[in-house]
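Colleague: Quick note, the sequences are listed as chains A and B, same order.
Numbering-wise (this note's numbering), the first sequence opens with residue 1 and increments by one.
Numbering-wise (this note's numbering), the second sequence opens with residue 1 and increments by one.
All C-beta atoms, glycine included, are put in the ideal place defined by N, C-alpha and C.
Here the structure is a predicted model, which means the values were calculated and not measured.
Encoded as structure tokens, here's the structure I'll be asking about.
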Amino acid sequence: MIEIKPNEPQVVSHADYDVITPDVSRLRKAVRPAEPGEADQVELAETALRRISNDFIHWMRDECGRLDAARRAVQDQGLTADTRQALFLTAHDVKGYSETLGYPEARRVAESLCRLLEYTPELSRIPLLIVDQHVDAVCAIVREHKREDITAVSAELTGRLRQVTDEFLMIENRDRPDILAILRSAPRTDWDLL
Amino acid sequence: MIRIDFNRLRFLVIDDNAHMRRIIRTLLHGFGAREVHEAEDGAVGLDAFTHYTPDIVLTDWAMPIFDGLELTQMIRQPNANANPFVPIIMITGHTEKDRVTAARDAGVTEFLAKPISAKALYQRVVNVVANPRPFIKTKTYFGPDRRRNTNSNYVGPERRKDGPAEVIRQQPLLEKARRLA
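Structure representation (structure tokens):
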């Protein structure tokens with residue numbers, strides 16, 4: 001049965017599910033064919049981002065300050081649920097946007113730290129030295145980012161950190177096949193890949 | 001070619017990181033958007049969603065108080081708020097398959113893995129605006145149709161009664177816009 005009302009969703013009922021077509025009139029008003037000579041919207045946005053790019057170094061330094069504060073809390077209080085969450089959220093932020101800011105090397109280190117914190121079943125078993133090394137590596141990459149050899153140096157550093165972290169995670173999760181599968185899988189960027 | 005008039009759309013950006021919000025806001029303004037509201041966590045985001053009635057929600061996943069997944073589940077409550085059909089774009093650093101699946105099953109419309117770029121964000125917005133999907137309501141799910149493609153290799157039971165698996169097509173808005181022009 002189809003019920004049609006102005007601005008109301010159209011509902012088609014089946015045996016155990018409904019298909020609902022929402023009112024999209026507001027969205028519809030925003031769509032039109034492009035006209036010749038119109039500026040490329042993606043290029044306009046990239047230009048807008050470049051205009052604020054002088055701030056990016058300060059933002060990365062802010063993140064290093066947050067990482068250091070979270071690390072100090074871990075040193076003082078140990079890896080509790082709260083200190084772990086604060087450190088994870090900060091590392092996750094760095095992982096998420098440092099590449100957009102022009103610091104892809106920092107992203108890879110932060111990603112390794114996130115894996116360590118997310119997939120270690122027993123927090124107390126995480127060696128704090130590995131946590132320190134990750135935080136120090138991110139801050140060193142930000143501090144030394146103008147070095148010509150930063151890509152090569154950070155790749156070596158990141159590779160070693162990732163190797164140590166993954167070896168630790170494989171041992172700690174040896175009885176958790178579902179987690180091992182996640183650790184071995186490639187990242188997904190779009191669910192069309194599912 | 002399609003063109004989205006971003007100045008006709010109202011956006012809500014929810015992310016606990018102020019710098020990330022600024023990046024997204026800068027990109028949206030660059031695309032031409034004027035109305036971009038911001039919230040720093042899921043709770044404030046839900047309040048802003050009710051208050052501003054945005055056309056599109058862009059949310060982070062990992063946030064304090066309640067996260068982007070919980071926020072999505074709260075928005076996708078039929079009859080519980082002003083617009084449970086609002087397009088939700090999840091922008092996240094979580095890229096594991098189980099996470100992507102969880103986001104889809106919570107009712108997220110589009111998934112955008114960080115690091116974000118202007119092009120990737122633009123494509124997601126174009127997709128939700130120009131190709132809106134119908135919603136499916138079952139006993140256990142309410143959200144955009146999760147069947148984006150037919151899989152001829154699929155073997156297994158048909159989970160929807162009333163016939164074989166099908167992709168429910170909706171007329172792209174661009175075609176409608178051309179017809180109205």
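1) Can you give the Cα-Cα distance for Pro-121 (chain A) and Cys-139 (chain A), rounded to whole angstroms?
2) So Glu-105 (chain A) and Ile-141 (chain A) are supposed to be a Cβ contact under 8 Å. How far apart are they, rounded?
3) How would you label Arg-169 (chain B), buried or exposed, when you count the other beta carbons within 10 angstroms and need 16 or more for buried?
4) So that I know if they touch, is there some Cβ in chain A lying closer than 9 Å to that of Tyr-52 (chain B)?
5) Does the contact criterion of 3 or more C-beta pairs under 8 Å hold for the region 134-143 of chain B versus the region 13-22 of chain A?
6) Please give me, in chain order, every unbroken run of the beta strand (DSSP E) with length at least 3 that falls completely inside the region 12-89 of chain A.
7) As an exercise, report each continuous alpha helix (DSSP H) stretch of at least 4 residues that is fully enclosed by the region 66-108 of chain B, in chain order.
8) Is the Cβ of Glu-96 (chain B) closer than 9 Å to any Cβ of chain A?
9) I'd like to know if Pro-164 (chain B) contacts chain A, where contact means its C-beta is closer than 9 Å to some C-beta of that chain.
10) Could you tell me the alpha carbon to alpha carbon distance between Gln-31 (chain A) and Arg-184 (chain A), rounded to whole angstroms?
11) Which residue comes first and which comes last in the beta strand (DSSP E) that contains Arg-34 (chain B)?
12) Pick from A:Val-109, A:His-145, A:Arg-147, A:Ile-150: whose alpha carbon is nearest that of Ile-130 (chain A)?
13) Is any beta-carbon of chain A found at less than 9 Å from that of Asp-60 (chain B)?
14) Could you tell me whether the Cβ atoms of Leu-87 (chain A) and Val-74 (chain A) are closer together than 9 Å?
15) Residues in the region 2-23 of chain B with C-beta within 8 Å of chain A's C-beta atoms, listed in sequence order?
16) By the 10 Å Cβ neighbour count, where 16 or more other Cβ atoms means buried, how is His-19 (chain B) classified, buried or exposed?
17) Does His-145 (chain A) come within less than 9 Å of chain B when only Cβ atoms are used?
18) To the nearest angstrom, report how far apart Ser-112 (chain A) and Arg-26 (chain A) are at their CA atoms.
19) Does DSSP classify Ile-130 (chain A) as helix, strand or coil?
Modeller: In short, the structure shows the following:
1) Looking up residue 121 (chain A) in the first sequence gives position 121. Looking up residue 139 (chain A) in the first sequence gives position 139. Computed Cα separation, rounded: 27 Å.
2) Against the first sequence, residue 105 (chain A) aligns to sequence position 105. Against the first sequence, residue 141 (chain A) aligns to sequence position 141. Yes, they are in contact, since the Cβ atoms of Glu-105 (chain A) and Ile-141 (chain A) sit about 5 Å apart, within 8 Å.
3) Here residue 169 (chain B) is taken as the residue at index 169 of the second sequence, counted from 1. Confidence at Arg-169 (chain B) is low in this model, with a pLDDT of 49, below 50, so the placement of that residue should be treated as unreliable; the coordinate-derived value is given next. When all chains shown are included, Arg-169 (chain B) counts as exposed.
4) Counting from one through the second sequence, the residue named residue 52 (chain B) turns up at place 52. Taking Cβ atoms only, chain A never reaches closer than 9 Å to Tyr-52 (chain B), which makes this a no.
5) yes
6) 18-21, 31-33
7) 68-75, 97-106
8) As a first step, residue 96 (chain B) must be located in the second sequence, where it is residue number 96. By this cut-off, Glu-96 (chain B) is an interface position.
9) Against the second sequence, residue 164 (chain B) aligns to sequence position 164. Any answer about Pro-164 (chain B) is weak, because its pLDDT of 49 lies below 50 and its placement is not dependable; what the coordinates show is given next. Judged by the 9 Å Cβ criterion, Pro-164 (chain B) is not in contact with chain A.
10) For the purposes of this step, residue 31 (chain A) is identified with residue 31 of the first sequence, where counting begins at 1. For the purposes of this step, residue 184 (chain A) is identified with residue 184 of the first sequence, where counting begins at 1. In the sequence as displayed, the identity of residue 31 (chain A) is Val instead of Gln. Going from the Cα of Val-31 (chain A) to the Cα of Arg-184 (chain A) covers about 42 Å.
11) What you label residue 34 (chain B) is simply residue 34 of the second sequence in a count that begins at 1. No beta strand (DSSP E) holds Arg-34 (chain B); DSSP gives it neither H nor E.
12) Position 130 of the first sequence, counting from 1, holds the residue named residue 130 (chain A). Closest option to Ile-130 (chain A), Cα to Cα, is A:Val-109.
13) Indexing the second sequence from 1 puts residue 60 (chain B) at position 60. Yes - at least one Cβ of chain A is within 9 Å of the one on Asp-60 (chain B).
14) Position 87 of the first sequence holds residue 87 (chain A). Position 74 of the first sequence holds residue 74 (chain A). Note that the C-beta distance between Leu-87 (chain A) and Val-74 (chain A) is below 9 Å.
15) Going along the region 2-23 of chain B in chain order, one finds Ile-2, Arg-3, Ile-4, Asp-5, Phe-6, Arg-8, Leu-9, Asp-16, Asn-17, His-19, Met-20, Arg-22, Ile-23 with a Cβ nearer than 8 Å to chain A.
16) As a working mapping, residue 19 (chain B) is identified with position 19 in the second sequence. Buried, because 16 or more other Cβ atoms sit within 10 Å of the Cβ of His-19 (chain B).
17) Counting from 1 along the first sequence, the entry for residue 145 (chain A) is found at position 145. Output row for His-145 (chain A): interface = no.
18) Residue numbering aside, residue 112 (chain A) sits at position 112 when the first sequence is read from its first letter. Residue numbering aside, residue 26 (chain A) sits at position 26 when the first sequence is read from its first letter. Rounded to the nearest angstrom, the two C-alpha atoms are 42 Å apart.
19) Here residue 130 (chain A) refers to the residue found at position 130 when the first sequence is read from its first residue. DSSP places Ile-130 (chain A) in helix when its eight states are reduced to three.
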